[in-house]
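Residue numbers (my numbering): 61 to 191.
Yeah, the Cβ is synthetic: ideal placement off N, Cα and C, and Gly gets one too.
Computed from a prediction, not measured in an experiment: that's the story for all the values here.
Have a look at the structure below before the remarks.
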C-alpha cells in the first residue's frame with residue numbers, strides 16, 4: 061500500500077512523497093549545523109581559557125609579550141643574516157662599494173691635479189693683466 065499524506069489518498073499524492081523526505085533531510089542538515097556551531101563555540105571558549113593560562117605562566121616566568129616579539133625579531137634577523145642570498149648580496153654590495161670608493165678617489169685626485177695645473181698656467185686675457 062502506498063503512503064499518503066495524513067492517510068488521505070488523492071490523485072496528486074505522489075508529489076507529497078518527495079516533499080516530506082526533502083523536509084526531513086533539511087531538518088537533519090539544520091540540526092547538524094546547529095551541533096557544529098555549538099562545538100565551535102565550546103572550542104573557542106576552551107581556547108580563550110588556555111590562552112589566559114599560557115599568559116599567566118609567561119607572566120610567572122617573567123616573559124612579556126614585548127620580550128617575545130623582540131626575541132622572535134632577533135632570531136628572524138639572525139636567520140636572514142646567515143642566509144645564502146643575504147651573504148651573496150652583502151658581498152656584492154661590499155665589492156661595489158669598494159669599486160665606487162676607488163673610482164671616486166681617482167676622480168678626486170684627477171680634479172685636484174687639474175686644478176693645480178690650471179693655477180700655474182696663464183689664461184689668455186688674464187683679468188690681472190687687464191687692470
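If you follow the alpha helix (DSSP H) that residue i is part of, which residue opens it and which one closes it?
i: residue 144; result: 144-180
i: residue 123; result: Element bounds for residue 123: n/a, residue is neither H nor E.
When we look at the beta-carbon of residue i and count the other beta-carbons within 10 Å, is it buried (16 or more) or exposed?
i: residue 173; result: exposed
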